[in-house]
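K.L.:
Have a look at this one.
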Amino acid sequence: MIWFRNDLRLHDNEVFYQASEKSSFIIPVYCFDPRYFDRNQFGNLNTGVLRAAFVIEAVTALKEKLKSHGSDLLTYIGKPEDIIPRIAQKYQVNEVYHHREVALRETSISEKVESELWNSKINLRHFIGHTLYHKEDLPFPIKDIPNGFSVFKKKVERESSVRQPIPFPSNFLTPHILRTPRSPH
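Here is the structure:
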């Protein structure tokens with residue numbers, strides 16, 4: 008299963024590629040988490056109207072892209088820690104793939120999902136997809152990252168390189184009930 012969160016694209020997407028390469032079938036899922044659309048302690052919306060419209064458009068585009076490849080995107084309104092484990096159990100999934108986020112709320116949600124999945128002996132696979140350089144490609148350990156950006160930039164430019172884009176999977180399968188007919192064009 009692929010739990011889509013903020014990285015709503017298929018091209019150059021390590022989560023999508025790895026899940027497709029290592030699994031006999033994939034189940035793409037997106038959850039509209041109500042916590043993101045509630046009001047915060049100051050009475051402001053956590054997600055404004057324009058951001059909400061952008062998310063809906065991005066999820067719709069992802070769903071259409073998957074449909075054009077004979078797949079689909081399961082979308083739900085609810086907390087991922089309730090939905091993801093239930094879907095994983097329904098389809099007898101042994102791993103759920105997702106991009107690891109760094110903000111407190113996103114990290115907390117990941118931990119809740121991981122805990123619920125673990126109760127069913129299902130693994131949550133984390134991928135870091137929000138940086139230009141992979142930590143393994145940096146010319147220094149994470150603990151030794153320079154404090155100043157210009158020092159960091161110069162060292163990385165001299166001693167590292169950006170990886171090639173991840174290829175689009177040549178073939179990925181979805182369970183029969185998720186498959187949609189391919190468009191005639």
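Add 7 to the 1-based position in the sequence shown for my numbering, that's all there is to it.
Ideal Cβ positions, reconstructed from N, Cα and C, are used throughout, including at glycine.
Model, not experiment: these values are computed from the prediction.
So what's asparagine 126 in DSSP terms, helix, strand or just coil?
P.N.:
Residue state, collapsed to three classes: helix.
K.L.:
If glycine 136 sits next to glutamate 21, beta carbons under 8 angstroms apart, how far is it from one beta carbon to the other, in whole angstroms?
P.N.:
Indeed, because the Cβ distance is near 6 angstroms, the residues count as touching under 8 angstroms.
K.L.:
Using DSSP bridges, identify the partner residues of phenylalanine 39.
P.N.:
Beta-bridge pairing links phenylalanine 39 to Ile84.
K.L.:
In angstroms with no decimal places, state the Cα-to-Cα distance between arginine 107 and arginine 46.
P.N.:
So the two alpha carbons sit approximately 24 angstroms from each other.
K.L.:
DSSP has glutamate 102 in a bridge; who is on the other side?
P.N.:
In the DSSP output, where bridge partners are listed per residue, glutamate 102 has Asn130.
K.L.:
Got a sec, what are the start and stop residues for the alpha helix (DSSP H) isoleucine 63 sits in?
P.N.:
Its alpha helix (DSSP H) spans residues 56-75.
K.L.:
Hey, could you find the ends of the alpha helix (DSSP H) phenylalanine 159 is sitting in?
P.N.:
Its alpha helix (DSSP H) spans residues 156-166.
K.L.:
Check each candidate in Gln96, Gly85, Leu180 and Phe134 and name the one with the smallest Cα separation from arginine 42.
P.N.:
Closest by alpha carbon: Gly85.
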